[in-house]
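Chains as they are written, first to last, in our numbering: chain A, 7 to 207; chain B, 7 to 207.
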């Protein structure tokens, strides 16, 4: 029984911040890691914008709760949970993501936390430096083989640390740069690759 | 969002081996850690008995699949999974436990594995030495606070390694020896204690 580490946004569910940006009208929340690759600085800018616009956590939660998992994600998670121990490694926040995570079966989730007072986000706490890589390494210390699936630059270190790794729905500019990882474009392809690993483990 | 590490047998579900022993008539499978505290040696004896009686894995699985979670366990797991990231740390084996683990919501499970050929258990592979303690320590390395719940001697090191720990339905001879840990006797009491931690974290 191996551990399957999955990125969340872009892999199993849609990106959450653009939805919050659209619903709230706070344009700065449209910023992505492509605009600011340093996640701490990106969150600093998001937090500053949320504070300036007095955006409430409950409003953010309502926006995110309206999102649905990507097509096929629920079925994939059901299959994956029967064949692997699944861990979601994400740069999201528990306070925002939980309603959406429940829609994919409430798997074990490691992400960051928000500090909230009076329905306003005051601070954010990143779980640890290089959170996805650190998680993979510590899971490996439990003597488990780790398979990992991601779609973006913040997944690269995790994919490199894992024993076997795949891109799912990753942009061409990333997959061309890192041809080491199979470039998959559907849950059907991913299920096929993972089934191969199950049979040949 | 803290991590809650739960023992499986005796805490959430009944002991599995006595059920297998009763159904199969293989008396040696009644042996418990009280008879042989070294788990590797205990499994050696169980394996020898299974081989001698040509006990099939599928028969063991059928016996275990007939078991139900302890009263209240399903409701407790539902509550716990909404408030913590739950990890089951057990000395059971994936090949035997999965049908029963699905009945409590298929939480993230770390346990051992069996090597099976032609429906016969040939070998067992313990995940790592001191598996529960090692799991707690490596989860702590992911910068998470760990709460733990157990009921027997093989949980003691895990309870000591955790940031906060409880006995649930533990025999008096253990709880008297280790008064450091609250001695809880129902899911209601456990939920109350964990709720206190949630409010004061």
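We put the CB at the ideal spot given by N, CA and C, even for glycine. Computed from a predicted model, the values in this text were never measured in an experiment.
- Query: Near residue 133(B), what residues of its chain come up, given a Cβ to Cβ distance below 6 Å and the 5 sequence neighbours on each side ignored?
  - Reply: Counting only Cβ-Cβ distances below 6 Å, and skipping sequence neighbours, we find 118.
- Message: My output table needs one value for residue 183(A): the three-state DSSP class, helix, strand or coil.
- Response: DSSP places residue 183(A) outside both helix and strand once states are collapsed to three, so it counts as coil.
- Beta-carbon of residue 139(B) versus every beta-carbon of chain A: anything under 8 Å? Taking Cβ atoms only, chain A never reaches closer than 8 Å to residue 139(B), which makes this a no.
- Message: Quick check: the region 125-141 of chain B against the region 103-113 of chain B, are at least 3 beta-carbon pairs closer than 8 Å?
- Response: With a cut-off of 8 Å on Cβ pairs, the region 103-113 of chain B is not in contact with the region 125-141 of chain B, counting fewer than three such pairs.
- residue 116(B) touches chain A at which residues, Cβ-Cβ below 8 Å? Going along chain A in sequence order, the residues near residue 116(B) (Cβ under 8 Å) are 91, 148, 150.
- Expected contact under 8 Å - CB spacing of residue 16(A) and residue 158(A) to nearest Å: Confirmed, about 6 Å.
- Message: Quick check: the Cα distance between residue 166(A) and residue 156(A), rounded to an integer number of angstroms?
- Response: Residue 166(A) and residue 156(A): Cα-Cα distance of roughly 11 Å.
- Limits of the beta strand (DSSP E) - the one that residue 110(B) falls within: Residue 110(B) -> no beta strand (DSSP E), and no H or E assigned at all.
- Buried or exposed (CB count within 10 angstroms, at least 16 for buried), residue 207(A): Exposed is the label assigned to residue 207(A), since fewer than 16 other Cβ atoms lie within 10 Å of its Cβ.
- Query: Looking only at its own chain, which residues have a Cβ that is under 8 Å from the Cβ of residue 98(A), when we skip the five neighbours before and after it?
  - Reply: Taken in chain order, the residues that qualify are 14, 15, 22, 117, 118.
- State the start and end residues of the unbroken beta strand (DSSP E) segment that holds residue 17(B). DSSP places residue 17(B) in no beta strand (DSSP E); its state is neither H nor E.
- Message: To the nearest angstrom, how far is the alpha carbon of residue 121(A) from that of residue 89(A)?
- Response: Annotation: residue 121(A) to residue 89(A) spans about 36 Å, alpha carbon to alpha carbon.
- Message: Just to confirm, is the Cβ distance from residue 92(A) to residue 86(A) under 8 Å?
- Response: When the beta-carbon positions are compared, residue 92(A) and residue 86(A) come within less than 8 Å of each other.
- Message: By the DSSP assignment, the beta strand (DSSP E) with residue 97(A) in it spans what residues?
- Response: Per DSSP, the unbroken beta strand (DSSP E) holding residue 97(A) starts and ends at 91-99.
- Message: Is residue 192(B) close to the ligand ATP? I mean its beta-carbon at under 7 Å from any heavy atom of the ligand.
- Response: Looking for the ligand ATP in the displayed structure turns up nothing, as the structure carries no ligands at all.
- Under 8 Å by beta carbon: chain B residues contacting residue 87(A): Against residue 87(A), the close residues of chain B are 112, in the order they occur along the chain (beta-carbon pairs closer than 8 Å).
- Excluding five sequence neighbours on each side, which residues of the same chain lie with their C-beta closer than 6 Å to the C-beta of residue 62(B)? Correct list, in chain order: 125.
- Message: I need the DSSP call for residue 156(B), collapsed to helix, strand or coil.
- Response: In the three-state scheme derived from DSSP, where H, G and I count as helix and E and B as strand, residue 156(B) is classed as strand.
- Message: Please classify residue 161(A) as buried or exposed, where buried requires at least 16 neighbouring CB atoms within 10 angstroms.
- Response: That one is buried.
- Message: Which residue wins for smallest C-alpha separation from residue 55(A), given the options 40(A), 26(A), 183(A)?
- Response: Ranking 40(A), 26(A), 183(A) by CA distance to the CA of residue 55(A) puts 26(A) first.
- Task: Check the Cβ-Cβ distances between residue 119(B) and every residue of chain A, and say whether any is below 8 Å.
- Result: Residue contact check for residue 119(B) against chain A: a CB pair falls below 8 Å.
- Message: By DSSP's criteria, residue 119(A) is part of a beta bridge. Which residues make up the other side?
- Response: Answer is 131(A).
- Kindly list the residues whose CB is nearer than 7 Å to the CB of residue 65(B), restricted to its own chain and excluding five residues on each side of it in sequence; keep chain order. Sequence-distant partners of residue 65(B) (beyond 5 residues in either direction) whose C-beta falls short of 7 Å from its own C-beta, in its chain, are 30.
- Cα separation between residue 154(B) and residue 180(B)? Looking at the two C-alpha atoms, the distance is approximately 16 Å.
- Going by DSSP, what residues sit across from residue 62(B) in a beta bridge? Residue 62(B) pairs with 126(B).
- Message: Checking 8 Å against the spacing of the C-beta atoms, do residue 76(B) and residue 19(B) come in under that value?
- Response: A Cβ-Cβ contact shorter than 8 Å links residue 76(B) with residue 19(B).
- Query: Can the beta-carbon of residue 52(B) be found less than 8 Å from the beta-carbon of residue 37(B)?
  - Reply: Yes.
- Query: DSSP on residue 136(B), reduced to helix/strand/coil?
  - Reply: Residue 136(B) falls in the coil class under three-state DSSP.
- What residue range is occupied by the uninterrupted alpha helix (DSSP H) comprising residue 174(A)? Premise fails: residue 174(A) lies in the beta strand (DSSP E), 170-174, not in any alpha helix (DSSP H).
- Message: Considering Cα atoms alone, identify which of 182(A), 12(A), 43(A) is closest to residue 113(A).
- Response: When only C-alpha atoms are compared, the closest one is 12(A).
- Going along chain A in order, which residues have a C-beta closer than 7 Å to the C-beta of residue 100(B)? Within chain A, the C-beta atoms nearer than 7 Å to that of residue 100(B) come from 7, in chain order.
- Please check if any C-beta of chain A sits within less than 8 Å of the C-beta of residue 129(B). Not an interface residue.
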